[in-house]
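Residue numbers (UniProt numbering), protein chains in the order written: chain A, 1 to 272; chain B, 1 to 272; chain C, 1 to 272; chain D, 1 to 272.
The C-beta atom is built at its ideal place from N, Cα and C for all residues, glycine as well.
Protein chains: 4
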Amino acid sequence: MRILFLGDVMGRAGRRGIAERLALLRGRLKADLAVVNAENASGGRGCTAGHAQLLLESGADCLTLGDHAFDQKDMLAFIDREPRIVRPLNFAKEAPGRGSTIVSDARGRKLLVTQALGQVFMSRPYDDPFSALDAVLRAHPPGGMVQASLVDFHAEATSEKMAAGHFCDGRASAVVGTHTHVPTADAQILPRGTGYQSDAGMCGDYDSVIGMEKTEPLRRFITGMTRDRFSPAEGEATLAGVLIVTDDRTGKAIGIDMVRDGGRLFPTHPDA
Amino acid sequence: MRILFLGDVMGRAGRRGIAERLALLRGRLKADLAVVNAENASGGRGCTAGHAQLLLESGADCLTLGDHAFDQKDMLAFIDREPRIVRPLNFAKEAPGRGSTIVSDARGRKLLVTQALGQVFMSRPYDDPFSALDAVLRAHPPGGMVQASLVDFHAEATSEKMAAGHFCDGRASAVVGTHTHVPTADAQILPRGTGYQSDAGMCGDYDSVIGMEKTEPLRRFITGMTRDRFSPAEGEATLAGVLIVTDDRTGKAIGIDMVRDGGRLFPTHPDA
Amino acid sequence: MRILFLGDVMGRAGRRGIAERLALLRGRLKADLAVVNAENASGGRGCTAGHAQLLLESGADCLTLGDHAFDQKDMLAFIDREPRIVRPLNFAKEAPGRGSTIVSDARGRKLLVTQALGQVFMSRPYDDPFSALDAVLRAHPPGGMVQASLVDFHAEATSEKMAAGHFCDGRASAVVGTHTHVPTADAQILPRGTGYQSDAGMCGDYDSVIGMEKTEPLRRFITGMTRDRFSPAEGEATLAGVLIVTDDRTGKAIGIDMVRDGGRLFPTHPDA
Amino acid sequence: MRILFLGDVMGRAGRRGIAERLALLRGRLKADLAVVNAENASGGRGCTAGHAQLLLESGADCLTLGDHAFDQKDMLAFIDREPRIVRPLNFAKEAPGRGSTIVSDARGRKLLVTQALGQVFMSRPYDDPFSALDAVLRAHPPGGMVQASLVDFHAEATSEKMAAGHFCDGRASAVVGTHTHVPTADAQILPRGTGYQSDAGMCGDYDSVIGMEKTEPLRRFITGMTRDRFSPAEGEATLAGVLIVTDDRTGKAIGIDMVRDGGRLFPTHPDA
Ligand SMILES: [Fe+2]
Ligand SMILES: [Fe+2]
Ligand SMILES: [Fe+2]
Ligand SMILES: [Fe+2]
Ligand SMILES: [Fe+2]
Ligand SMILES: [Fe+2]
Ligand SMILES: [Fe+2]
Ligand SMILES: [Fe+2]
């Protein structure tokens, strides 16, 4: 299966990039399924029900969230009605929604999508993501009921992300990080067959501070003083992520390649 | 000028990669100068005087350090005798050594090298890096006494790194991050002419947890219990960094491209 | 001199406690001067100009602030017009106002009041407080132009607070911590004559979570989910702080005793 | 029942204080049981089997630990042989030992002792302490099989500690914090009958930086440079903690009072 995974959609620029280019990109890459991280789709803070619908209608088969999952309060109710949205397994004891879901491609092949939050350098504490992932991956072993499985590991620290990759190695088709809003250049297939990249990057304007218009973040870093709210930068988004190619029989990764499309970053499109 | 900058050299694998391949890589890329981050060269913790000399003899014109600058105590005295080593400007009130230096290429062209530590998500507090960089860059404006200038911004958070890039935009030839040990795929020339990449990545074995042999880090993440010390992974190192091409007259960047050489990561060598 | 120092005034309950009882408390303790930390006087977040005036009119001779100094935006302008308000020395590069001030008692004796922010476990990074305090205390040595000096060390970690106490020992009349909103029971005179207590505590309702009505904080800790904003608890405030007695000639502390007045905590009033 | 709880025993000074004075203090306070936090008894880092035995022989009926529980490796095996030692419920997935225990006084009355680690500002991540405490307290309701129950909440942030107190209010006889090494002056009985104090303080030398000899901590704070290891201060220890008086029938607290004995802090002994 060919799975396109795109990182955190950032505000209007990110939404526009998805709306105008995701279908084209899927075609160009011959992607069977597309999974998109939507945790910053609405003004950089969470994702409204309306914006989630827009992303799903634009060609995403599944949306993941992150630490900003419920910044937009209407997601609290909407997520229970929309099985294609996944919030972190370890978001909170009493979070609505689900931490994993299964979506199918046009030929009926199944992809498990799950997400966990790291514990290192995050804005609030979360319970252990490793045992949470362990339970989900045990229930869906490679070569079983699903043809492939994708873990979105939403975390800051590269140490924790690489550890999560090795922890899932041989048990998931791919582990791809999100949250830092910068794509990493370390795509590889781990020793037991799991595709890995530390961060997918964001779908947003890279002339910015992690997608936010740069004036106010710079003011705060330089002067220590706050003046205005943060608002997303409005330049053309680079869609950033990975294309994972899996073996339907074993559930292992055959390939994992960086994808960069549009905006300021140098374009990279794996061969279709 | 063509400047090769390589990220954190990690233990024996990293040192061997530099010793065996840096000279070849310089040749292949027609690099005029090579700067190497050495903060993890000795067992992953700091850099001994002996290892610093090895790296300099292997083709590095200048070494930068980081938060681990003085983990090896003999560096405290050695750094004052070796002007080609730079520690962070804001390491401590009373640190030995220097936070910036000037090195010359074979044709006598001068490169300013400086380094600052970020304040976000670091293991201990450091003073404001922005005002520290400001003072150094003011003293060496582009188009002045030095033909180029390179800032190693040693930090964890992508937000602070992107802010540092914009803060130096038009004032330094390039700002390249280090410390996360994972290369980023966001190389770009910022609007006012500064080359930028969030992280150079490490020179180390990428079948690891940020360069450390993965067994013990995985144990700690999974079980919460410590058993052994960390030790660097010993597989072949990928040398990771960037090639920056600058205009000698303006000091601005003409190009910035990712470099990956050897080891597990897909090789990338910009055209010479 | 007899100096009363009270910790963080928390919302309406704290303001009411000051308005109704500070004058009485000053009389009972025969305090020559009263200094009050006002960083949470307005809804728990900063201090408006109006609330600052109320506290000053109620018997405070000087107000200190903290990390919440400018949460209420009118303080940005007001602080430059009101010399009796002190913000942290190391709040930011470009903060308005002053980090130290001198106030006089009815007999013309002078008290230096200054404040610094800790760096450990704070919500954002601040520059080194030790060198900032060093400069102020050097300019006002004990036994010099001021009869006494008071350092409000606004910090979370007990290690940093005790270190600040020893750093100032013999150089300030007293170092008293604020910020945790819980009074500590470690009042002592350090070996070289500086009165010390790790935290003054808050002037607020102690049937709460650090002064906030407890329902929402408990929800967040227990469920991980946010529902409402925080709002200060409204029960009767305990006024919490210390009474410092100094020798006018040497500037050293002769005594330092805990003060607790009203509300839920057991009352403690040092002998007058 | 009259329960004496003493905070973190710090190195040799703390051990000596316990060995020489705990029995006397128990007698003076007519304590039926004594519980002592031992996480720093051995050089400030953990507690050896030998030191644990010393504390138990000196009059402690039960020892609690903390984040330093297994810094001394022989505790890993010893804790499984000594039922009077409690490590935090949420220390790690695979920690040896137990997170709660029951000890009996001379008249056969039973006290449940349990401990949990906070998540805020700690050196590494721990799972949710609230649900862990919930399970233990549900199994031992007040007025049931045990006459009293004591929660040692080992945490840094006053917000999390006060939240833990309210969370257990009416369900435990007392919640007392440890870890900051400074006693707090906020002893109170919460609305539903639970005795509470944010921190017991340490049993150690208070002319120090949280019990460590002050030279090296001061050097690190002032200069940013490390030279030596930390070692505990050796002056006479203040034994610091609380005396909780409970109703054997209801399991609720009737009284909670601060205890300070010896050393630099002002002595406080509740009436027996
Ligand atoms: Fe995120
Ligand atoms: Fe994000
Ligand atoms: Fe490093
Ligand atoms: Fe580093
Ligand atoms: Fe504060
Ligand atoms: Fe406060
Ligand atoms: Fe401790
Ligand atoms: Fe502790």
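Any C-beta of chain D sitting closer than 8 Å to the C-beta of residue i?
i: A:Ser159; result: no
i: B:Lys252; result: no
i: B:Thr268; result: no
i: C:Arg229; result: no
i: C:Glu184; result: For the sequence presented, residue 184 of chain C should be read as Thr rather than Glu. C:Thr184 counts as touching chain D.
i: B:Ala116; result: no
i: C:Ile3; result: no
i: B:Phe91; result: yes
i: A:Ser173; result: no
i: C:Leu218; result: yes
Does any residue of chain B have a CB that is nearer than 8 Å to the CB of residue i?
i: C:Gln119; result: yes
i: D:Thr215; result: no
i: A:Met10; result: no
i: D:Gly99; result: no
i: C:Pro142; result: no
i: C:Pro125; result: yes
i: C:Ser42; result: no
i: D:Lys30; result: no
i: D:Gly224; result: yes
i: C:Ser198; result: no
i: A:Val103; result: no
Which residues in the same chain have their Cβ closer than 6 Å to the Cβ of residue i, if we skip the five residues on either side of it in sequence?
i: D:Ala49; result: Asp74 and Phe78
i: B:Gly42; result: Residue identity differs from the one stated: residue 42 of chain B is Ser in this sequence, not Gly. So the qualifying residues of the chain are Thr48, His51 and Gln72.
i: A:Ser231; result: Glu213
Would you verify that the beta carbon of residue i is, or is not, closer than 8 Å to some beta carbon of chain C?
i: A:Lys110; result: no
i: D:Glu156; result: yes
i: D:Arg264; result: yes
i: D:Pro191; result: yes
i: D:Ala13; result: no
i: D:Leu133; result: no
i: D:Leu137; result: no
Quick check: is the beta carbon of residue i nearer than 8 Å to any beta carbon in chain A?
i: D:Asp128; result: yes
i: C:Glu94; result: yes
i: B:His166; result: yes
Going by beta-carbon coordinates alone, are residue i and residue j separated by less than 8 Å?
i: B:Gly251; j: B:Gly143; result: yes
i: B:Ala185; j: A:Ala185; result: yes
i: D:Ala155; j: D:Gly201; result: no
i: B:Ala19; j: B:Gly46; result: no
i: C:Lys93; j: B:Asp134; result: no
i: A:Gly97; j: A:Thr114; result: no
i: D:Arg28; j: D:His179; result: no
Check the C-beta distance from residue i over to residue j and give it rounded, since I have them as a contact under 8 Å.
i: B:Val176; j: B:Val242; result: 6 Å
i: B:Met1; j: B:Asp105; result: 6 Å
i: A:Leu4; j: A:Ala31; result: 4 Å
i: A:Thr101; j: A:Arg84; result: 7 Å
Looking only at its own chain, which residues have a Cβ that is under 8 Å from the Cβ of residue i, when we skip the five neighbours before and after it?
i: C:Arg15; result: Val9, Ala41, His51, Leu54 and Leu55
i: B:Arg229; result: Glu216
i: A:Val182; result: Asp199, Gly201, Met202 and Ile210
Among residues of its own chain, excluding the 5 on either side of residue i, which ones have a beta-carbon nearer than 7 Å to its beta-carbon?
i: D:Gly108; result: none
i: D:Ala95; result: Arg87
i: B:Gly44; result: Met10, Gly11, Gly211, Met212, Phe230 and Pro232
i: D:Arg21; result: Leu239, Asp261 and Gly262
Cβ contact (3+ pairs, closer than 8 Å) linking the segment 241-261 of chain A and the segment 141-159 of chain A: yes
Any 3 or more C-beta pairs closer than 8 Å across the segment 58-75 of chain C and the segment 20-37 of chain C: yes
Meets three-Cβ-pair contact criterion under 8 Å: the segment 217-232 of chain A and the segment 192-201 of chain A: no
Three or more C-beta pairs below 8 Å linking the segment 253-272 of chain B and the segment 14-30 of chain C: Contact between the segment 253-272 of chain B and the segment 14-30 of chain C is absent: fewer than 3 CB-CB pairs across the two stretches fall below 8 Å.
The segment 203-210 of chain D contacting the segment 166-174 of chain D, beta-carbon criterion three pairs below 8 Å: no
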